[in-house]
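Letter by letter, the sequence shown follows residues 397 to 1107 in our numbering. Idealized CB from N, CA, C, for every residue including glycine. Worksheet: the structure to be examined is printed underneath.
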Amino acid sequence: MTTLSLQTASAIVLGTLCMTVTAAVEDPAPQTRPIATIAVSDGPVLTRHVDESIYMRLWSDASMQPLHAGLTDVLARTQEDLGIDPLTLIASMRSLSVRVTGMTAIDGKPQPVVMAQAELGEAATRLFALLRQASWAQAAIAGADESLASDDGVLHIARFGTEMRAAINTDQMASWRSDLGEADIAIRLDVPRLVAEIMPTLAAGDASGPVGRRLEWLKNNVGVITSDTRVTADGMADRIVAAVPTAGLVPVDRAALARVPANALSCTAVGFDGAAWWKAFREPLLDLIGAADPASLDAAAVEKRADETLSAAGFPKLGELIEGISGTQLFIMTPAAPIPGYSLVMRRSPAIDRAVGAILALIGQEPPAEDSAIMISIPNLPMMPVAPQLALDRDTWLLSTDAVLTSQWATSAGGWVDSPTGKAALAHADGNAFLISGSDMAAMVRTASGFASIGINSARGLDPAQRRAILQGLNRLATLAKPAYAIGRTTATGIEIDMESLLGSTAQLAIVAAIAIPNLLESRVSANESAAAATLRSGFLPAQVQFQAGGYMDLDQNGIGEYGFPSEMTGAEPVNGITLNLLAPHFTDLSKPVAGYTYAVHLPDGAGGAISTKEKRPADPALSGEREKRWLAYAWPVDRKNGRRMFAIDQSGQVYTAPFTGIAPAWNSLYGGKTWTDAPTWQRHDRRQRGRRRPDVVPPTDPNPAGARDF
397 MTTLSLQTAS AIVLGTLCMT VTAAVEDPAP QTRPIATIAV SDGPVLTRHV DESIYMRLWS
457 DASMQPLHAG LTDVLARTQE DLGIDPLTLI ASMRSLSVRV TGMTAIDGKP QPVVMAQAEL
517 GEAATRLFAL LRQASWAQAA IAGADESLAS DDGVLHIARF GTEMRAAINT DQMASWRSDL
577 GEADIAIRLD VPRLVAEIMP TLAAGDASGP VGRRLEWLKN NVGVITSDTR VTADGMADRI
637 VAAVPTAGLV PVDRAALARV PANALSCTAV GFDGAAWWKA FREPLLDLIG AADPASLDAA
697 AVEKRADETL SAAGFPKLGE LIEGISGTQL FIMTPAAPIP GYSLVMRRSP AIDRAVGAIL
757 ALIGQEPPAE DSAIMISIPN LPMMPVAPQL ALDRDTWLLS TDAVLTSQWA TSAGGWVDSP
817 TGKAALAHAD GNAFLISGSD MAAMVRTASG FASIGINSAR GLDPAQRRAI LQGLNRLATL
877 AKPAYAIGRT TATGIEIDME SLLGSTAQLA IVAAIAIPNL LESRVSANES AAAATLRSGF
937 LPAQVQFQAG GYMDLDQNGI GEYGFPSEMT GAEPVNGITL NLLAPHFTDL SKPVAGYTYA
997 VHLPDGAGGA ISTKEKRPAD PALSGEREKR WLAYAWPVDR KNGRRMFAID QSGQVYTAPF
1057 TGIAPAWNSL YGGKTWTDAP TWQRHDRRQR GRRRPDVVPP TDPNPAGARD F
């Protein structure tokens, strides 16, 4: 048995038994109830639900065939290592559940006491045999056929016939009966019980201080939270029930939804009453703000200080600001170019009007006139793919990156409530819903597919057929996807939220991220690359020119200065008793990246090679002549998430560029690995060409770059 096999076995056992936390049959006494529990459907039930779902319909599509072989290979290797068919193991699994039964103090810190169990049939004996080969210590667990413990004694695993059990921070392994109801995964968290267990483990100062007060507030105001998840024909359905305060949650105004455009990819509406929220949560909020400042823990003092700070900046007082957030607030995602638009709609109030005016004043802009819009320009902020706009009408403020929506907001007839997505969401919403959310999952998948293809086409380990299969699968998924919805209601004891989507409660976040993140990353890449090239041209070049012209370093005393290192030009290392300020201080230590890029400076060593940033300048005056003529600096990204191009500059003042291959450039990479007197082989960087050239294509060599000369 190989080491990999033992690791695989351990991962399967521990992953199976210790998944993390949800709902079981409760014990009658509150002090003996588990803090948190998780339970998962029996293997045959879960397998049947998946087989009947959209996921299996997609996987069974002919376009997915190129991906099947990869999964088959993984399953075959796993079976060869373990001697167990993984799919058979899942199908035979019963009674999988995990409990957090309490808290214990270890080294002065609270740690959870966790117990897990699963009925695995004949596989239990095989899996335990693999664990024995991993050299775990023997343990004595009452009633167990065999048991083991980790070297540190934190984890115990035992086999009781065909049932496997595990325990963390305890050697007790009692069994229990779980009840999932109709859920495939059920989760339960008892917040009062959790707080009651944590409090005794706190240090005296924490228990009586801000930490203790916040925990006590949780104990008195938040109860049990449960989440049930089912695999359905169209995706995942979730139901969350939470005993939490409902102050500030009010029914959504359907008239606000009527203004949302019919083609919206996603719309979420939340009904909020700021005055009710402030009345209910003023004390805990002020306590949270003041926790960092022991001198102002009194709520009145914290509020006074916050009000003075806000007023000095032109904002309304804290309470007025929160009370001014009232009515239905909207979060909208719409089709737009070059990327989807994201919009926030807030109901107007005197406090909100004043706050918006104060924010605009800070960036030197005037508010828009009613029924008009302005473009927001934030100083010193890297250029965004789409500039945000701010629109104002009689009832609302709209902050959006969708220029079309902004221009039409005051006169738009809406249409979302009559769209298939709006109808699907509203069909589940009664008049008490404080949350109404709907997403056109088909359109969102189609939109995300275009951006996902960027990553798929560059992903390693995929052949062309597999890449095509994934992209075709996304297209197929768009034809299968139904509108998603999420509805939240207040109840006599708290809130309940029902939602259904492709991936349950994570679907909209995942797909929005698939759309937004590549664009944000690409924007950051462009900004980082532009900043790196500009730093070489506008930072290192003038610093070197001034350093050399000033003759600060002249070892051969011929009246011609040498070029310098960043530590000398930033003043971190005085030169002949002079502290300079020619380069920004953060370039003193070039081992620390700046805006995603690492920098290096090289000077000739006088013998055909180079001395670099961390090396000492040779003291021999006879070798200093070349350092009077030449220098070289590089900038390259930390990784391809931060940039895709390297940049270089030398005494010519010309910036050069080459694709980043993942390897830092050698000192003579610019010169094709040759010497200081050879011509650069990298392409000249032309800012006007940004975006017209594929960064992954090696540029042609220019043996005679314009402007190349010696000083």
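### Query
Which word fits V470, buried or exposed, when buried means at least 16 other C-beta atoms lie within 10 angstroms of its C-beta?
To locate residue 470, count along the sequence shown from 1; it is residue 74. Exposed.
### Query
Hey, is the segment 567–585 in contact with the segment 609–616, meaning 3+ C-beta pairs nearer than 8 Å?
no
### Task
Answer yes or no: do P1014 and A1044 have a C-beta to C-beta separation smaller than 9 Å?
Reading the sequence shown from its first residue, position 618 is the one you call residue 1014. Reading the sequence shown from its first residue, position 648 is the one you call residue 1044. Using a Cβ distance threshold of 9 Å, P1014 and A1044 do not count as a contacting pair.
### Message
Pop quiz: P430 and V496 are said to be a contact at Cβ under 8 Å. What is the actual Cβ separation, rounded to whole angstroms?
### Response
The residue labelled residue 430 in the question sits at position 34 within the sequence shown. The residue labelled residue 496 in the question sits at position 100 within the sequence shown. 6 Å between Cβ atoms; contact.
### Query
Straight-line CA distance for D541 to E559?
For the purposes of this step, residue 541 is taken as the residue at position 145 of the sequence shown. For the purposes of this step, residue 559 is taken as the residue at position 163 of the sequence shown. Those two C-alpha atoms are separated by around 10 Å.
#### Entry: Identity of the residues DSSP links to Q1079 by a beta bridge
As a working mapping, residue 1079 is identified with position 683 in the sequence shown. Per DSSP, T1053.
### Message
If the criterion is Cβ atoms closer than 9 Å, does the pair E448 and A600 meet it?
### Response
Position 52 of the sequence shown, counted from the first residue, corresponds to residue 448. Position 204 of the sequence shown, counted from the first residue, corresponds to residue 600. Cβ distance not < 9 Å, so E448 and A600 don't count as in contact.
### Query
Is T887 helix, strand or coil by DSSP?
Sequence index remark: in the sequence shown, residue 887 carries index 491 (1-based). DSSP places T887 in coil when its eight states are reduced to three.
### Query
Taking the alpha-carbon positions, what's the P1017 to E969 distance?
The residue you call residue 1017 lines up with position 621 of the sequence shown. The residue you call residue 969 lines up with position 573 of the sequence shown. Near 20 Å, if we compare the C-alpha coordinates of E969 and P1017.
### Query
With which residues is T625 paired in a DSSP beta bridge?
Translated into positions along the sequence shown, residue 625 becomes position 229. T625 is bridged to I581 and D634.
### Task
If I'm right that L801 touches L795 with Cβ under 8 Å, what's the distance once you round it to whole angstroms?
Mapped onto the sequence shown, residue 801 falls at position 405. Mapped onto the sequence shown, residue 795 falls at position 399. At roughly 11 Å, the Cβ-Cβ gap does not stay under 8 Å, so L801 and L795 are not in contact.
### Between the CA atoms of G851 and G1049 - distance to the nearest angstrom
On the sequence shown, position 653 is the one that residue 1049 refers to. On the sequence shown, position 455 is the one that residue 851 refers to. Answer to the nearest angstrom: the Cα atoms are 36 Å apart.
### Query
For G822, is the classification buried or exposed, using 16 other Cβ atoms within 10 angstroms of its Cβ as the cut-off for buried?
One-based indexing of the sequence shown puts residue 822 at position 426. Reading off the sequence shown, one finds Leu at residue 822, where the question assumed Gly. Residue environment: L822 is assigned as buried (16 or more neighbouring CB atoms within 10 Å of its CB, all protein chains considered).
### Query
Among R635, E704 and A820, which one has its Cα closest to the Cα of I891?
Within the sequence shown, numbered from 1, the residue matching residue 891 stands at position 495. It is R635.
### Task
Give a yes or no on whether the C-beta atoms belonging to L544 and L516 are separated by under 9 Å.
On the sequence shown, residue 544 is found 148 positions in, with the first residue counted as 1. On the sequence shown, residue 516 is found 120 positions in, with the first residue counted as 1. Result no, Cβ atoms of L544 and L516 do not sit closer than 9 Å.
### Task
Ignoring anything shorter than 3 residues or poking outside the segment 993–1018, list the beta strand (DSSP E) runs there in chain order.
993–1000 and 1006–1008
### Task
Take every Cβ of the segment 641–656, pair it with every Cβ of the segment 864–876, and state whether three or more of those distances are shorter than 8 Å.
The answer is no - the segment 864–876 does not touch the segment 641–656, with fewer than three Cβ pairs under 8 Å.
### Query
Can the beta-carbon of L463 be found less than 9 Å from the beta-carbon of Q862?
For the purposes of this step, residue 463 is taken as the residue at position 67 of the sequence shown. For the purposes of this step, residue 862 is taken as the residue at position 466 of the sequence shown. Their beta carbons are under 9 Å apart, which means L463 touches Q862 by this criterion.
### Message
Between the alpha carbons of E716 and A747, how many angstroms are there, rounded?
### Response
Numbered from its first residue, the sequence shown carries residue 716 at position 320. Numbered from its first residue, the sequence shown carries residue 747 at position 351. Computed Cα separation, rounded: 6 Å.
### Proximity to G710 [Cα-Cα], best of G753, D669 and S745
Against the sequence shown, residue 710 aligns to sequence position 314. Looking at the Cα atoms, G753 is the closest of the given residues.
### Message
Just list the residues that DSSP pairs A533 with in beta bridges.
### Response
Within the sequence shown, residue 533 is the residue found at index 137, counting from 1. In the DSSP output, where bridge partners are listed per residue, A533 has A545.
### Task
Please look up how many angstroms separate the CB atoms of V510 and A563, rounded, as I've assumed it's under 8 Å.
Reading the sequence shown from its first residue, position 114 is the one you call residue 510. Reading the sequence shown from its first residue, position 167 is the one you call residue 563. Rounded, the Cβ-Cβ distance is 7 Å, consistent with contact.
### Message
For the beta strand (DSSP E) containing S491, name the first residue and the last one.
### Response
As a working note, residue 491 is residue 95 in the sequence shown. Per DSSP, S491 belongs to the beta strand (DSSP E) from R490 to I502.
#### Entry: Closest residue to S1008 among L526, D985 and P989 (Cα-Cα distance)
The count along the sequence shown starts at 1 and reaches residue 1008 at position 612. Looking at the Cα atoms, D985 is the closest of the given residues.
### Task
Identify the continuous alpha helix (DSSP H) that holds G686 and give its terminal residues.
Counting from one through the sequence shown, the residue named residue 686 turns up at place 290. G686 -> alpha helix (DSSP H) spans G670 to G686.
### Query
What do you reckon, are the CB atoms on R885 and F830 nearer than 9 Å?
For the purposes of this step, residue 885 is taken as residue 489 along the sequence shown, with counting starting at 1. For the purposes of this step, residue 830 is taken as residue 434 along the sequence shown, with counting starting at 1. Contact flag set, yes.
### Task
Using three-state DSSP, classify Y1119 as helix, strand or coil.
Shown here, the chain extends from 397 to 1107; a query on residue 1119 therefore has no answer.
### Message
S835 and A880 - do their beta-carbons sit closer together than 9 Å?
### Response
Here the question's residue 880 lines up with position 484 in the sequence shown. Here the question's residue 835 lines up with position 439 in the sequence shown. Yes.
#### Entry: For A929 and H1081, believed in contact at Cβ under 8 Å, the rounded distance
For the purposes of this step, residue 1081 is identified with residue 685 of the sequence shown, where counting begins at 1. For the purposes of this step, residue 929 is identified with residue 533 of the sequence shown, where counting begins at 1. About 6 Å; that satisfies the 8 Å criterion.
### Task
Have a look at the DSSP bridge pairing and note the partners of I564.
As a working note, residue 564 is residue 168 in the sequence shown. According to DSSP, which records beta bridges pairwise, I564 is partnered with V510 and L551.
### Task
Could you pull the start and end residues of the alpha helix (DSSP H) that D1046 belongs to?
Position 650 of the sequence shown, counted from the first residue, corresponds to residue 1046. Where D1046 is concerned, there is no enclosing alpha helix (DSSP H), although the beta strand (DSSP E) it sits in stretches over R1041 to D1046.
### Query
Short check: CB of T521 to CB of A487, under 9 Å?
By one-based count along the sequence shown, residue 521 stands at place 125. By one-based count along the sequence shown, residue 487 stands at place 91. Not a contact, by the Cβ cut-off of 9 Å.
### Query
From Q940, T566 and Y738, pick the residue whose C-alpha is nearest to that of P962; which is it?
One-based indexing of the sequence shown puts residue 962 at position 566. If we check each option's Cα against that of P962, Q940 comes out closest.
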